[in-house]
Amino acid sequence: MPLALIAAIAAHGTARMTLRRGAGQPTLPMLRPLTLWVLPGTALAGAALLPVVVLVYLTTNALCTVALQFLAYRGLPSIGG
């Protein structure tokens, strides 16, 4: 369960950074709650069904994505400005 919780938090953080970065761009109204809450929630729900090795992969992938996205957004200029 801790791996699923870490993966869900990392996925939520990734979604927040992505949505914040594209704040001036139009998005579908359903996309925001889907990416912020439903997708990270599937990591928690899937914890009971997935083998530990898949949870380790999911957690590692989510943490690497958050770290790379943070470094890329920090080093790149704003889109369109």
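Numbering of the sequence shown is given in the working numbering, commencing with residue 4 and proceeding in unit increments.
Every residue, glycine too, gets a C-beta built ideally from N, C-alpha and C.
Query - Gly-84 versus Val-55 - alpha carbon distance - result: Reading the sequence shown from its first residue, position 81 is the one you call residue 84. Reading the sequence shown from its first residue, position 52 is the one you call residue 55. Here Gly-84 scores only 44 on pLDDT, less than 50, and its place in the model should not be relied on; the value that follows carries that caveat. So the alpha carbons of these two residues sit roughly 44 Å apart.
Query raised in the report: If you draw a straight line from the C-alpha of Ala-70 to the C-alpha of Tyr-76, how long is it?
Result: Here residue 70 is taken as the residue at index 67 of the sequence shown, counted from 1. Here residue 76 is taken as the residue at index 73 of the sequence shown, counted from 1. Roughly 10 Å between the two C-alpha positions.
Query - Gly-84 in three-state terms, based on DSSP - result: In the sequence shown, residue 84 corresponds to position 81, counting from 1. Here the model assigns Gly-84 a pLDDT of 44, short of 50, so the residue's position is not dependable, and the following value carries that caveat. Three-state DSSP puts Gly-84 in coil, outside helix and strand.
Query raised in the report: From Ala-18 to Val-59, what does the alpha carbon distance come to, in whole angstroms?
Result: Taking the first residue of the sequence shown as 1, we reach residue 18 at position 15. Taking the first residue of the sequence shown as 1, we reach residue 59 at position 56. In a straight line, the C-alpha of Ala-18 is about 20 Å away from that of Val-59.
**Report entry** Assigned exposure category for Pro-5 - 16 Cβ within 10 Å defines buried
**Finding:** Counting from one through the sequence shown, the residue named residue 5 turns up at place 2. Counting Cβ neighbours within 10 Å, Pro-5 comes out exposed, since fewer than 16 surround it.
Requested in this report: Return helix, strand or coil for Leu-42, following the three-state DSSP convention.
Outcome: The residue given as residue 42 occupies position 39 in the sequence shown. Correct three-state label for Leu-42: helix.
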